[in-house]
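**Student:** Chains as they are written, first to last, in the working numbering: chain A, 259 to 626; chain B, 35 to 312.
Each residue gets a CB set at the ideal place from its N, CA and C atoms; glycine is no exception.
Here it is, the structure, as structure tokens.
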Amino acid sequence: MDAAAVFERTELGRLVAILAADGYRVIGPTRRGTAIVYGDIAGDADFAIGLIDEQEGGTYRLREVDDPRVFNATAGQTSCRQYLFAPRQRLWSAERTGTGFRLAEDSAGAEPPLAFIGVRACDLAAVGVQDRVFGGHYPDPRYMMRRRRALIVAVACARAGNTCFCASMGGGPEVGPGHDLALTELVDGGRHVFVAETGSERGALLLARLDPRPATGAEIAAARAQTEAVKGRMGREMVAGGPEAIRANPEHPRWHEVAGRCLTCTNCTLVCPTCFCSTAEDVADLGNARTERWQRWDSCFTLDFSYIHGGSVRKTAASRYRQWITHKLSTWWDQFGMSGCVGCGRCIAWCPVGIDITEEARAIRDSQ
Amino acid sequence: MTAAMRDPMLPRPFRIEKVRRELSDTFTMELVPAEGGGFAFAAGQFNMLYVFGIGEVPISISGDPGDGGKLIHTTRAVGAVTRAMDSMRAGDVVGVRGPFGTPWPVEEAFGHDLVFVAGGVGLAPLRPAIYQAMANRQRFGKVVVLYGARTPDDILFRRELERWRGRFDMEVHVTVDRGNPKWSGNVGVVPNLIAHAGFDPLSTTAFVCGPEVMMRYTALALEKNGVGREGIFLSMERNMKCGCGLCGHCQWGPHFVCKDGPVYRYDRIADLLAIREL
């Protein structure tokens, strides 16, 4: 944080305006119904100001607070995944031509570039995970196009939620690499400022347009202390040895115990910021003269997911829960050299029966 | 990342040159690229085949890798896409993405006896390796094909099997699960053939393809007859939507079967094969 700068809270609205004027679609934490989601931000008023979230297993509640902070809530219902890896997108379309067909390719290039403001450390880490997943031997051109053009303004958390455990996954609370600008929001008496560090050339140019001044030593120390304090306030922790224990126990009775609670509803895979599974389906007109091929998010919790002729490979809920948690915590390392879990805690809060990934890992480890 | 990245999800149109009925529910298509050009692949690889407006399925290549002009697929009609494919005729166009996946390591088996063990339509993904082996016949010791079908009417590539059996440099044994009055050949499961085949287990490479349970028992029988685990190769099957490691469907433990497989060396997957519903 040596070259940190500071800009006033009042500049935030200008940041949104600058990005919009530059042609970006600005996305940030905003209230939708009873939850905070990533949504379109047209101006300062769209941010979820004066709201904090209370999360527990199977519980997500918003509460109004008398606090001027803009970025006071922790991980909301959705993540950047919603935008960089669209839940449903057309891959291509085709028209019949005699006995053959002619293809028309779809590209993400026509969409406005995305600018995310208020991306938490866990969500930024998740973007890094998906960068690895979609940037492999066969890069996904749609993801790569959106990602390359996207600008990310990350914000270090000032609070931790009861379902948070990024500190034990190495996903936060310090903002890691991959951002263009990383902010720490400081509210102290009458002062309300953002301490900013740049992560890219693009971020530095953006910062320069916000009337910044160099950060003082006291401001830098305050920002560090605020993030450090968050570490100790996380309600959950991934136990050491948990992922290894899961991998080593594919036939553990706990899988059947958790299957007795799991509804295989797929919620955890839909709110997870790193899940990348998809399926493809054809949408043809009634005359079958024109067809479109669409990709949409899929989930390893469905029976269809593992279907081959003769039946599904993973018939029981036990095998499907085992697949999900083993992939997140263990086999992801074999595939991508990193964890598939960043510790955002969404799967705990949005599970209708409150199944807790940290608790399941602990139970299997402790039974050894 | 390159600017002109080719979208791996975009199929190439191929024209059906010929369709051949193999069995009541199984057919072979010969395909040529509609836009010209050839199609290079290695034995054991597969393609994603697309039927206009219906969908896409992974199908292994069953033709000769030495013949780069034609692409041959043998398919059993079991789902919406393969049934639609079954009704297609010469002149129709299908989409092709691929080739994907790991090949049968035919050249690594040079100097060994080569044993092919196939069950049902599993003979189709093995046929390219058999062609490749016979094109390099002098490089191998014995070449043995062991094949099991459900009934005599389900024997795939029957005339070809009979032709191979007529050669002096190839050993072919066929068995069926259930015989019929006209069948006087072997009855029983394909692993039973292993003990009767004449190969040197200490210098044998075995390629196995069929239903998972058949491959599991075949691998055990090969091991029991003295073939080392590192000399046994299996071709796995899982649900696939992309073929290139992006859609997640084909995961099997740490593997993406579409790109880390489908062909695996047995010693590297034996522990996974033992886990139910993985």
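1) What's the C-alpha gap between Met82(B) and Cys533(A)?
2) Where are the beta strand (DSSP E) runs, 3 residues long or more, that stay fully inside the stretch 356-415 of chain A, in chain order?
3) Measure the alpha-carbon distance for Gly448(A) versus Ala480(A) and round it to whole angstroms.
4) Considering Cα atoms alone, identify which of Gly315(A), Arg471(A), Thr288(A) and Asp302(A) is closest to Leu207(A).
5) Going along the chain, which residues of its own chain have a beta-carbon closer than 7 angstroms to the beta-carbon of Leu521(A), five neighbours each way excluded?
6) At a CB-CB cut-off below 9 angstroms, which residues of chain A make contact with Glu56(B)?
7) Just mark Val284(A) as buried or exposed, buried being the case when its beta carbon has 16 or more other beta carbons within 10 Å.
8) Give every residue of the same chain whose Cβ lies closer than 6 angstroms to the Cβ of Thr22(B), excluding the five residues on either side of it in the sequence, and list them in chain order.
9) Excluding sequence positions up to five away, which residues of its chain have a Cβ less than 8 angstroms from the Cβ of Glu90(B)?
10) Closest by CA to Leu180(B), which one among Gly154(B), Pro162(B) and Pro296(B)?
11) From Gln172(B), Glu51(B), Pro47(B) and Phe134(B), pick the residue whose C-alpha is nearest to that of Asp147(B); which is it?
12) Anything in chain A within Cβ reach of Leu148(B), meaning under 9 angstroms, just list it in chain order.
13) Roughly how many whole angstroms lie between the Cα atoms of Asp540(A) and Ala76(B)?
14) Would you kindly check if the distance between the Cβ of Trp138(B) and the Cβ of Ala158(B) is under 8 angstroms?
15) Near His437(A), what residues of its chain come up, given a Cβ to Cβ distance below 8 angstroms and the 5 sequence neighbours on each side ignored?
16) Quick one, are the C-beta atoms of Ala425(A) and Leu441(A) less than 8 angstroms apart?
17) Which partner residues of Gly612(A) appear in the DSSP bridge assignment?
18) Kindly identify the DSSP beta-bridge partner or partners of Asp147(B).
19) Quick one, are the C-beta atoms of Ser337(A) and Tyr296(A) less than 8 angstroms apart?
20) Under 8 angstroms Cβ-Cβ, which residues of chain B neighbour Gln593(A)?
21) Can you name, in chain order, every residue of its own chain whose Cβ lies under 7 angstroms from the Cβ of Arg467(A), other than the five neighbours on each side?
22) Nearest chain B C-beta to Ala263(A) closer than 8 angstroms, yes or no?
23) Among Arg49(B), Ser121(B) and Tyr165(B), which one has its Cα closest to the Cα of Ser58(B)?
24) Output needed for Trp513(A): all residues of its chain with C-beta closer than 7 angstroms, excluding positions within five of it in sequence on either side, in chain order.
25) Mind the definition here: the stretch 549-560 of chain A touches the stretch 264-284 of chain B only if three or more C-beta pairs lie below 8 angstroms; say whether that holds.
26) Taking DSSP as the reference, what is the three-state secondary structure of Gln172(B)?
27) If you measure beta-carbon to beta-carbon, which residues of the stretch 565-591 of chain A are closer than 9 angstroms to chain B?
28) Please report the straight-line C-alpha distance between Asp469(A) and Gly315(A), rounded to a whole angstrom.
**Tutor:** Concretely, from the data shown:
1) 23 angstroms
2) 358-363, 372-377 and 409-413
3) 15 angstroms
4) No answer is possible for residue 207(A): it lies beyond the span of chain A, which begins at 259 and ends at 626.
5) Pro610 and Val611
6) Here the premise fails: no neighbours, minimum Cβ distance about 17 angstroms.
7) buried
8) Only positions 35 to 312 of chain B appear in this structure, which leaves residue 22(B) out of reach.
9) Pro45, Met82, Leu83, Tyr84, Val115, Gly129, Arg131 and Lys275
10) Gly154(B)
11) Gln172(B)
12) Neighbours of Leu148(B) on chain A: none; closest Cβ ~28 angstroms, over 9 angstroms.
13) 30 angstroms
14) no
15) Val377, Leu382, Ile410, Val411, Ala412, Gly457, Ser458 and Gly461
16) no
17) DSSP output for Gly612(A) lists no bridge partner at all.
18) Thr238(B)
19) yes
20) Pro288 and Phe290
21) Ile276
22) no
23) Ser121(B)
24) Ala576, Tyr579 and Arg580
25) yes
26) helix
27) Tyr565, Ile566, His567, Gly568, Ser570, Val571, Arg572, Lys573, Thr574, Ala576, Ser577, Arg578, Arg580, Gln581, Thr584, His585, Ser588, Thr589, Trp590 and Trp591
28) 43 angstroms
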